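Number of protein chains: 2
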Amino acid sequence: MSTFTAGDEAPLLRVLARYTELDEDDRAALMQLDTGPLCTANGRADLAREGDHPTHIRLLVSGWACRYKDLADGRRQIVGFFLPGDFCDLNIYFTTRMDHSIGALTAARYYEIAPQQFHAVIEQRPHLLRALLGREISAAAIQREWLLSLGRRSPRERIAHLFVELFYRLDAVGLTHQNAYDLPVTQTHLAEANGLSLVHVNRTIQDLRREELVTLTDRRLTILDLDRLKQVAMFSGTYLDAAH
Amino acid sequence: MSTFTAGDEAPLLRVLARYTELDEDDRAALMQLDTGPLCTANGRADLAREGDHPTHIRLLVSGWACRYKDLADGRRQIVGFFLPGDFCDLNIYFTTRMDHSIGALTAARYYEIAPQQFHAVIEQRPHLLRALLGREISAAAIQREWLLSLGRRSPRERIAHLFVELFYRLDAVGLTHQNAYDLPVTQTHLAEANGLSLVHVNRTIQDLRREELVTLTDRRLTILDLDRLKQVAMFSGTYLDAAH
DNA sequence: CGTTGCCTTGACACAATTCAAGGAGCGTGG
DNA sequence: CCACGCTCCTTGAATTGTGTCAAGGCAACG
Chain A
1 MSTFTAGDEA PLLRVLARYT ELDEDDRAAL MQLDTGPLCT ANGRADLARE
51 GDHPTHIRLL VSGWACRYKD LADGRRQIVG FFLPGDFCDL NIYFTTRMDH
101 SIGALTAARY YEIAPQQFHA VIEQRPHLLR ALLGREISAA AIQREWLLSL
151 GRRSPRERIA HLFVELFYRL DAVGLTHQNA YDLPVTQTHL AEANGLSLVH
201 VNRTIQDLRR EELVTLTDRR LTILDLDRLK QVAMFSGTYL DAAH
Chain R
1 MSTFTAGDEA PLLRVLARYT ELDEDDRAAL MQLDTGPLCT ANGRADLARE
51 GDHPTHIRLL VSGWACRYKD LADGRRQIVG FFLPGDFCDL NIYFTTRMDH
101 SIGALTAARY YEIAPQQFHA VIEQRPHLLR ALLGREISAA AIQREWLLSL
151 GRRSPRERIA HLFVELFYRL DAVGLTHQNA YDLPVTQTHL AEANGLSLVH
201 VNRTIQDLRR EELVTLTDRR LTILDLDRLK QVAMFSGTYL DAAH
């Protein structure tokens with residue numbers, strides 16, 4: 001299991017090595033890429049707003065962030081979570097204008113990388129573009145699974161499913177401990193991600209607790225019975241990079 | 001306005017030309033790419049199933065198809081529509097296993113292109129990969145908008161929004177006529193795409209008709225008042241390639 | 001000690017699903 | 001030629017899930 005924690009060297013190299021074979025020339029090219037200083041954001045900061053033309057690609061090092069979209073009357077939908085090791089806005093490599101906003105959910109640290117830096121590396125090692133974009137393709141697969149959740153899963157199934165998904169994604173970057181992980185978001189965030197009301201999220205989580213599927217206290221989620229939780233969620237891991 | 005209709009020459013070249021500047025060398029490289037024979041599928045055929053390892057990338061030439069996912073108990077969610085000019089499974093360029101299924105919604109015609117063919121072209125003209133993947137990035141933006149719809153838009157808003165989105169996407173490939181277009185899908189499909197029951201889709205469409213926003217008869221949709229329909233849908237076109 | 005953010009609980013209303021049935025159009029076969 | 005089955009659209013009625021409204025608790029913090 002590879003780990004991803006703050007403070008290490010060459011974060012970009014480490015992130016990519018999780019998904020591709022890198023030879024010496026690849027590594028050399030990536031090492032020369034300047035990730036700039038480590039930036040920080042507090043727990044409610046917007047890193048980008050819909051309509052922006054961001055100038056950098058962000059690599060999240062610690063903390064959680066999310067993509068979200070909102071409607072004119074204030075309704076908000078979280079369309080994805082960013083975990084440590086994720087790129088926040090690789091898509092600006094293709095389209096300059098953001099179709100969604102990016103917000104930090106917790107205090108967060110990240111690197112800002114200029115697109116030109118990417119260009120330089122990719123001109124040397126074209127196949128690295130594939131590696132980079134593999135992340136974006138994978139994110140699209142997760143979005144599709146969310147569409148299935150929002151469209152067809154019951155609230156109970158949805159929340160169970162999200163808990164399982166986050167477990168595997170965090171596990172892949174070494175951020176689980178046994179069957180538990182830090183879930184540093186509020187129930188309001190879970191509601192916004194699952195297309196539910198806060199009240200109903202609360203009640204549903206209580207149900208999951210009552211059935212002894214999970215515990216959730218002090219922003220820490222413990223999965224008491226992963227198999228049963230996956231069953232409840234109708235979880236099939238084929239959409240994640242690693243199969244489960 | 002570029003058009004995309006069956007029977008023309010060099011479909012791939014034409015599709016890409018919509019999104020990138022192609023120089024002579026690009027065109028030459030693309031022309032040598034063998035799209036193979038034109039394949040056909042009938043209105044209910046599956047082009048790929050979740051879990052498959054498809055060997056070809058498909059370029060839809062005529063007819064409609066969709067991505068969908070289903071749950072063990074039969075619930076089904078359409079997570080995207082493919083219109084003429086769309087690639088059905090570009091993502092297998094990165095991941096070999098399908099995380100979703102692809103089904104034809106109408107009789108359809110498409111080209112099958114071997115990934116090796118893509119490789120060959122891209123080795124000559126690396127920046128064409130950007131052009132190709134731009135399509136996939138754009139599809140991801142549409143998926144996000146759908147997440148917003150499923151999570152936060154009312155059924156009425158959802159359906160209105162889909163009607164507007166399809167209008168602009170079809171318009172981009174020359175498949176609209178005035179304010180009307182062929183919508184060759186059943187209300188069941190619309191329900192599966194919008195996370196609603198068939199009955200409720202039917203009633204909602206009747207509402208839209210009653211308010212003189214659209215007509216829909218014989219699989220043909222006419223938008224009677226685009227501005228008002230966009231308002232109902234809370235449509236903001238920033239997520240589509242072309243801004244509206 | 002008051003304020004703020006977040007979680008929790010109860011009561012109520014209503015939107016959307018489900019169940020059920022019928023009709024129109026169309027192709028097929030007796 | 002008509003009967004039948006099939007698909008799709010339509011409508012009504014009953015049920016229920018989920019949102020909304022409202023209120024209170026608790027911990028952290030200034």
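Protein chains in written order, with full-length UniProt numbering: chain A, 1 to 244; chain R, 1 to 244. For glycine and all other residues, C-beta sits at the position ideal for the given N, C-alpha and C. Bear in mind the structure is a predicted one, so any value in this text is a computation, not a measurement.
DSSP places V61/R in the strand class (E or B) of the three-state scheme. Counting only Cβ-Cβ distances below 7 Å, M234/A has contacts in chain R at L71 and A72, in chain order. Taken atom to atom, the span from the alpha-carbon of D46/A to that of I137/R is near 22 Å.
The region 203-223 of chain A and the region 152-162 of chain A touch, with no fewer than 3 CB-CB distances between them shorter than 8 Å. Every alpha helix (DSSP H) of 4 residues or more that sits fully in the region 15-81 of chain A is shown, in chain order, as 24-31. In this model, E212/A and T222/A are separated by some 10 Å (Cα to Cα). By the neighbour-count criterion, in which 16 or more other beta carbons inside 10 Å mark a residue as buried, V173/A falls on the buried side. Neighbours of I102/A in chain R, taken as residues at a C-beta separation under 7 Å, are lacking, since the least C-beta distance is about 12 Å. Inter-segment contact for the region 97-112 of chain A and the region 57-67 of chain A is present: three or more beta-carbon pairs are separated by less than 8 Å. The C-beta of P54/A has 16 or more other C-beta atoms within 10 Å across all chains shown, which makes the residue buried. With fewer than 16 other CB atoms across the displayed protein chains lying within 10 angstroms of its CB, A28/R is exposed. Interface criterion met: the Cβ of R130/R is under 8 Å from a Cβ in chain A. For D182/A, DSSP records a beta bridge to R220/A. Shown here for L198/R: same chain residues with a beta carbon closer than 7 Å to its own, the five before and five after excluded, namely Q187, T188 and A191 in chain order. Between I137/A and chain R, the shortest Cβ-Cβ separation is below 8 Å. Its Cα nearest to that of L224/A, the residue A160/A stands out among A160/A, Q143/A, R169/A and L196/A. Listed along chain A are E50, G51, R97 and D99, each with a C-beta nearer than 7 Å to that of T238/R.
Interface residue (Cβ-Cβ distance to chain A less than 8 Å): V79/R is classified as such. One thing to note: L38/R has its Cβ within 8 Å of the Cβ of Y111/R. By the rule that beta-carbons nearer than 8 Å mark a contact, P115/A does not touch chain R. Comparing alpha carbon positions, the residue from I122/A, R44/A, V121/A and G51/A closest to T106/A is R44/A. Contact between D89/R and A48/R holds, with the beta-carbon distance rounding to 6 Å and staying under 8 Å. Under the DSSP definition of a beta bridge, F87/R partners with L59/R. Taking the Cβ atoms as the reference, R169/R lies roughly 6 Å from L83/R, within the contact range of under 8 Å. Separation of the CB atoms of L229/R and V185/R is rounded to 18 Å, and the pair is thereby denied contact status at 8 Å. By the beta-carbon neighbour count (other beta carbons within 10 angstroms, threshold 16), N194/R is buried. The three-state secondary structure of R153/A, taken from DSSP, is coil. Not one beta carbon of chain R lies nearer than 8 Å to the beta carbon of R156/A.
Taking the CA atoms as reference points, A233/R sits about 11 Å from L148/R. From the beta-carbon of A41/A, no residue of chain R is found nearer than 8 Å; the closest lies around 21 Å away.
For N91/R, the chain A residues whose C-beta falls within less than 8 Å of its own C-beta are I137, A140 and A141, listed in chain order.
Take L13/A, set aside five residues on each side of it, and the residues of its chain with a beta-carbon closer than 8 Å to its own are L22, R27, L30 and M31, in chain order. At a cut-off of 8 Å between beta carbons, R58/R makes no contact with chain A.
In summary, T96/R is exposed, with fewer than 16 beta-carbon neighbours lying within 10 Å of its beta-carbon over all protein chains present. No Cβ-Cβ contact shorter than 8 Å links D171/R with Y19/R.
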